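Participant: Handing you this structure, nothing more for now.
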Amino acid sequence: MGRPLFFDIDGTLVSFQTHEIPQSTIDALTKAKAAGCGIYIATGRPISFINNLGAIEHLIDGYMTTTGAYCFVGNHEVLCVPMQSEDVETIKADASAKNYAVIFSCEKDICIYNMQPVVKRLFEDGLNVGDLSAYPPQEKTLSEQRVLMATAFMDQTTEDSLMSRIGNCISGRWHPEFTDISPKSAGKDNGLRAMADYLGIDISETIAFGDGGNDISLLKAAGVGIAMGNAREDVKSVSDYVTSSVDEDGIANALKHFGII
Numbered sequence: 012m013g014r015p016l017f018f019d020i021d022g023t024l025v026s027f028q029t030h031e032i033p034q035s036t037i038d039a040l041t042k043a044k045a046a047g048c049g050i051y052i053a054t055g056r057p058i059s060f061i062n063n064l065g066a067i068e069h070l071i072d073g074y075m076t077t078t079g080a081y082c083f084v085g086n087h088e089v090l091c092v093p094m095q096s097e098d099v100e101t102i103k104a105d106a107s108a109k110n111y112a113v114i115f116s117c118e119k120d121i122c123i124y125n126m127q128p129v130v131k132r133l134f135e136d137g138l139n140v141g142d143l144s145a146y147p148p149q150e151k152t153l154s155e156q157r158v159l160m161a162t163a164f165m166d167q168t169t170e171d172s173l174m175s176r177i178g179n180c181i182s183g184r185w186h187p188e189f190t191d192i193s194p195k196s197a198g199k200d201n202g203l204r205a206m207a208d209y210l211g212i213d214i215s216e217t218i219a220f221g222d223g224g225n226d227i228s229l230l231k232a233a234g235v236g237i238a239m240g241n242a243r244e245d246v247k248s249v250s251d252y253v254t255s256s257v258d259e260d261g262i263a264n265a266l267k268h269f270g271i272i
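The numbering of the sequence shown is the numbering used here, which starts it at 12 and goes up by one.
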C-alpha cells in the first residue's frame with residue numbers, strides 16, 4: 012500500500028500562471044494512485060472555491076479545506092472547527108473601522124464583508140474563483156452557518172494589531188495583500204493529524220506538498236514535507252525537500268525522487 016499524499020492547491024497543484032494543473036502533475040498523480048497511494052487535498056480554499064481540480068477529481072480520496080478547519084472523506088466529516096462568534100464580531104468591527112474587506116468562509120458558502128476592489132482583483136481575476144456576487148447575502152450566511160475562516164485583506168501591521176485581540180485564532184499569510192485567520196485548533200497541521208487518525212495511520216507515513224505560509228505547519232507535521240520551487244523561503248526552510256516549481260514538473264519530480272512513481 013502506498014503512502015498518503017497531501018497537496019496544497021494554489022501554487023502547488025495549480026499554476027498561478029495558467030490556473031490549471033500541469034499535465035505532468037496529472038500523470039504523476041495517476042501513477043501514484045495506481046501504486047496504492049491516497050490522494051488528499053490540503054488547501055486554504057473553502058469548498059465553494061475549489062473549482063480547479065476537475066482534471067484529478069476522480070483521483071481524490073479526501074479533503075482538508077479552509078486551512079484545516081473543515082476536513083472530510085466522502086460524506087464523512089472528519090473535523091470541523093468553527094471560529095468563536097466573538098472573534099468574528101471583532102474582525103467585522105476592525106474591518107469597518109480600518110476599511111478593509113474580509114471573506115468569511117462558512118460550512119457551505121462564503122460571504123464578503125466590506126467589499127473592496129482588491130477582492131475581485133485577487134480572487135476573481137487572480138485565483139479564478141468565479142463570480143463572487145453569486146453568493147447569498149452575508150447577513151444570512153453568517154447567521155445560518157458556522158464560520159470556519161476569515162480571509163482579511165490587510166497589511167502586516169494591521170494583522171499584528173488585530174491578532175493581539177483575538178487570542179483564539181492563528182493567522183497564515185500566503186499573499187502580501189491578505190491573510191487567512193483560523194481557529195487555533197484548526198490549521199493544516201491539525202487537519203493532517205485528524206485525517207491520519209481517521210485513516211488509522213501514523214502521521215509519519217504522510218507526505219505533504221506546499222508553497223505558502225499556511226503550508227508551514229503542514230510541512231512540519233508531515234512525515235515528509237516537500238516545498239515547491241516557487242515556495243516562499245520560510246516555507247522552504249522548514250521542508251525536508253525542495254522540488255522544482257509547479258510549472259517545472261515539481262510534483263512529478265518529487266514523487267520520482269522519493270520512489271513513489
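Just so it is clear, CB atoms sit at the ideal spot from N, CA and C, and this is done for glycine as well.
Note that the coordinates shown come from a computational prediction; the quantities given were computed from them, not determined experimentally.
Any heavy atom of the ligand NAD inside 6 Å of the beta-carbon of Thr-54?
Facilitator: The ligand NAD is absent from the structure shown, which contains no ligand whatsoever.
Participant: Rounded to a whole number of angstroms, what is the C-alpha to C-alpha distance between Ala-273 and Gly-22?
Facilitator: As shown, the chain starts at 12 and ends at 272. That puts residue 273 outside it, with no answer to give.
Participant: Are the beta-carbon atoms belonging to Ser-196 and Met-160 less than 7 Å from one another?
Facilitator: Within the sequence shown, residue 196 is the residue found at index 185, counting from 1. Within the sequence shown, residue 160 is the residue found at index 149, counting from 1. It is not a contact, given that the beta carbons lie outside the stated cut-off.
Participant: Counting C-beta neighbours from all protein chains within 10 Å, is the total for Lys-151 16 or more, i.e. buried, or is it exposed?
Facilitator: Counting from 1 along the sequence shown, the entry for residue 151 is found at position 140. That one is exposed.
Participant: Whose C-beta lies closer than 8 Å to the C-beta of Ile-37 among residues of the same chain, with five residues either side of it excluded?
Facilitator: Here residue 37 refers to the residue found at position 26 of the sequence shown. Short of 8 Å from the beta carbon of Ile-37, and not among the five residues preceding or following it, lie these beta carbons of its own chain, in chain order: Ala-66 and Ile-67.
Participant: Evaluate contact between the stretch 44-63 and the stretch 166-180, counting only Cβ atoms and requiring at least three cross-stretch pairs below 8 Å.
Facilitator: no
Participant: Compute the beta-carbon to beta-carbon distance between Ile-52 and Tyr-74, rounded to the nearest angstrom, for a pair I have assumed lies under 8 Å.
Facilitator: One-based indexing of the sequence shown puts residue 52 at position 41. One-based indexing of the sequence shown puts residue 74 at position 63. With 8 Å as the limit, Ile-52 and Tyr-74 qualify as a contact, their Cβ atoms being about 5 Å apart.
Participant: Just the C-alpha distance for Pro-15 and Ala-232, rounded to the nearest angstrom, thanks.
Facilitator: Walking along the sequence shown from the start, residue 15 turns up at place 4. Walking along the sequence shown from the start, residue 232 turns up at place 221. Answer to the nearest angstrom: the Cα atoms are 14 Å apart.
Participant: Could you tell me the alpha carbon to alpha carbon distance between Gly-13 and Ala-108, rounded to whole angstroms?
Facilitator: Taking the sequence shown and counting its residues from 1, the one referred to as residue 13 is at position 2. Taking the sequence shown and counting its residues from 1, the one referred to as residue 108 is at position 97. Gly-13 and Ala-108 have their alpha carbons spaced roughly 51 Å apart.
Participant: Measure how close the beta-carbons of Tyr-124 and Phe-115 come, nearest whole angstrom, since I'm counting them as under 8 Å.
Facilitator: For the purposes of this step, residue 124 is identified with residue 113 of the sequence shown, where counting begins at 1. For the purposes of this step, residue 115 is identified with residue 104 of the sequence shown, where counting begins at 1. With a Cβ gap of about 6 Å, Tyr-124 and Phe-115 count as contacting.
Participant: Give a yes or no on whether the C-beta atoms belonging to Ile-272 and Thr-254 are separated by under 7 Å.
Facilitator: Taking the first residue of the sequence shown as 1, we reach residue 272 at position 261. Taking the first residue of the sequence shown as 1, we reach residue 254 at position 243. No, they are not a contact pair.
Participant: Throw me the rounded Cβ distance for the Gly-49 and Gly-198 pair, which I believe falls under 8 Å.
Facilitator: Locating residue 49 in the sequence shown gives position 38, where the first residue counts as 1. Locating residue 198 in the sequence shown gives position 187, where the first residue counts as 1. In fact, because the Cβ distance is near 21 Å, the residues do not count as touching under 8 Å.
Participant: Taking DSSP as the reference, what is the three-state secondary structure of Asp-258?
Facilitator: Sequence index remark: in the sequence shown, residue 258 carries index 247 (1-based). Helix at Asp-258.
Participant: Along the chain, where does the alpha helix (DSSP H) containing Ser-193 start, and where does it finish?
Facilitator: Stepping through the sequence shown from its first residue, residue 193 is reached at position 182. That residue, Ser-193, is in no alpha helix (DSSP H); its beta strand (DSSP E) goes 189-194.
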